[in-house]
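My numbering puts the first residue of the sequence shown at 460, with every later residue one more than the last. Even glycine gets a Cβ: it sits at the ideal position worked out from N, Cα and C. Written below as structure tokens is the structure these notes are about.
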Amino acid sequence: MTQVFLRRKISPRVANGHPWIFANEVDRIEGEVNGGDTVQVFGHDKKFIGQGYINPKSQILVRLLSRNREEVIDEAFFGRRIRACWEYRKKLGYTENCRLIFGEADAMPQLIIDKFNDYFVLQTLALGMDKWKPAIVNALNEVFSPKGIYERNDVPVRELEGLPQQKGFISAPFDTNVIINENGLKFRVDIENGQKTGYFLDQQDNRRAIQHIVKDADVLGAFTYTGTFEIHAGHYGAKSVTGLDISENAVQQARRNAELNGLSDVVKFETANAFDVLKQWTKDGRKYDVVMLDPPAFTKSRETIQKAITGYKEINLRGMKLVKPGGFLVTSSCTNLVQPDLFLEIIDMAAKDVRRTIRQVCFQTQSADHPVIRGMENTHYLKFLIVQVL
Ligand code: SAH
């Protein structure tokens, strides 16, 4: 097997078990380099570090799959890993829907699999993982006997790996509008054309966190997508709920979801740019008991992080202005570039600017089926905060 030797000074990141080896961390390679192949990685002192897949086209030259020198990376390996991931989710109480595989946090770099009851959506975002797609699909078939498997590899990062963007059926074709149950509600998931894998499972535990504060409340939710938080608010007894999204398609889906749950009278949706509308409604003197914000990642690169900070501050400031004294702001951020401490700082700045005191109710992260590996910053990406705005 090809052997990759690292430079004498390796970053603490690799020493502490991070699975990415950047090209500039490598001293020399002994053996052939074929994109997607399994290679062994050693320190400068020739101590074994791990084995993983290599891609000379990628800045991340190797991604480690195993720290065990004896472990054979073959079809059975993927079967074992997928079973272990499912056992873990079941232990945490997930039965119907969950992120079954969360890439690096499950020691399966660049593999994402979401389970929507009997349907599976898969993303293989690196060449070395893409190569094992048939093994992964076999394992899914063995463990779950799924009704359908769909590939959502229409993601730009694949191009950094020399892979095409593509999507389509991996199983026999099926109706890609599936209905899932979450917290006693029903949601339609558009596997083929929805955002990312079709549905944001990462907020499924957080959606329950609004249960008590929305009772009898007038609720505004911006960045609603398919209306999940807003429909939960209706279900938990809100007096009125308005959900906003810039995408007309999202709003239509959100309306259908409200109907599906018999909540159309209480939960309404509008197509709008949240930045503009929140500003206008403040001018108009509107007030809400609860304002919920779940914006998209405002940046994907460290170079433009200031843009994200400005975006988060601005939208939260506008949100807070609309909250009645003693009401609540429910606010999220989904970029790992803004780590939890920085997010809290941004919220504090916004509160200071609007001269309101905020009292923290809860501060959470993504749901437990998207595990956080301590010390692996990019696995800790979602911030979910509820504050009372005094
Ligand atoms: N809360 C949702 C996920 C939101 S994803 C859930 O739990 O499922 C972010 C959403 O913000 C997307 O649907 C996107 O269309 C919307 N969006 C992006 N920019 C916006 C803007 N300026 N105003 C309103 N919505 C916006």
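Query	Result
Inter-residue Cα distance where the pair is V750 and A585	38 Å
P784, enclosing beta strand (DSSP E) - first and last residue	V782 to S792
Identified DSSP bridge partners for G702	G680 and F728
G786 beta carbon less than 9 Å from that of L737	no
Simplified DSSP assignment, three categories, for F802	helix
Beta-ladder partner(s) of V485, from DSSP	L465
Counterpart residues of Y578 in DSSP-defined beta bridges	F575 and G607
Any non-hydrogen atom of the ligand SAH within 8 Å of I436 CB	Missing from the structure shown is residue 436; the chain here goes from 460 to 849 and no further.
D649 CB to nearest heavy atom of the ligand SAH below 8 Å	no
Where L776 falls, given that 16 or more other Cβ within 10 Å makes a residue buried	buried
Inter-stretch contact (C-beta, 8 Å, three-pair minimum) for the stretch 599-606 and the stretch 614-622	no
The stretch 825-845 contacting the stretch 541-558, beta-carbon criterion three pairs below 8 Å	yes
Neighbourhood of E618 by C-beta distance below 8 Å, restricted to the same chain and skipping five residues each side	Q624
Any non-hydrogen atom of the ligand SAH within 8 Å of F579 CB	no
Spatial distance of L781 from A564 (CA atoms)	38 Å
Contact set for V412: own chain, Cβ-Cβ below 7 Å, skip 5 residues either direction	Since the displayed the chain opens at 460 and closes at 849, residue 412 lies outside it and no answer follows.
Y771 CB to nearest heavy atom of the ligand SAH below 8 Å	no
Best match in T461, K516 and K783 for proximity to V498 [C-alpha to C-alpha]	T461
In DSSP terms, what C821 is bridged to	I845
Contacting residues, own chain, Cβ-Cβ under 7 Å from Y840 (five flanking each side not counted)	C793, T794, N795 and Q825
Per DSSP, cross-strand counterpart(s) of D649	N636
Sequence-distant residues of its chain with Cβ nearer than 7 Å to K783 (five each side left out)	K746, Y747 and D748
Near the ligand SAH: Y658 beta-carbon under 8 Å from a heavy atom	yes
Cα-Cα separation, T583 to F728	34 Å
Those residues which DSSP pairs with S525 across a bridge	Q510
Any heavy atom of the ligand SAH nearer than 5 Å to the CB - residues listed	F659, Q662, F682, Y684, T687, D704, I705, S706, A709, N732, A733, D753 and P755
Counterpart residues of Q746 in DSSP-defined beta bridges	Reading the sequence as shown, one finds Lys at residue 746 and not Gln. Paired residue(s): none; K746 is not in a bridge.
Minimum C-alpha distance to V531 - residue among Y512, R467 and V678	Y512
Buried versus exposed, by CB contacts within 10 Å (16 or more), I672	buried
Neighbourhood of T701 by C-beta distance below 6 Å, restricted to the same chain and skipping five residues each side	L679 and K727
CA-to-CA distance, D743 to F646, given in whole angstroms	33 Å
Boundaries of the alpha helix (DSSP H) in which R548 is found, first to last residue	E534 to K550
Through-space distance from V521 to Q569, alpha-carbon basis	12 Å
Three-way DSSP call (helix, strand, coil) for N556 in this model	strand
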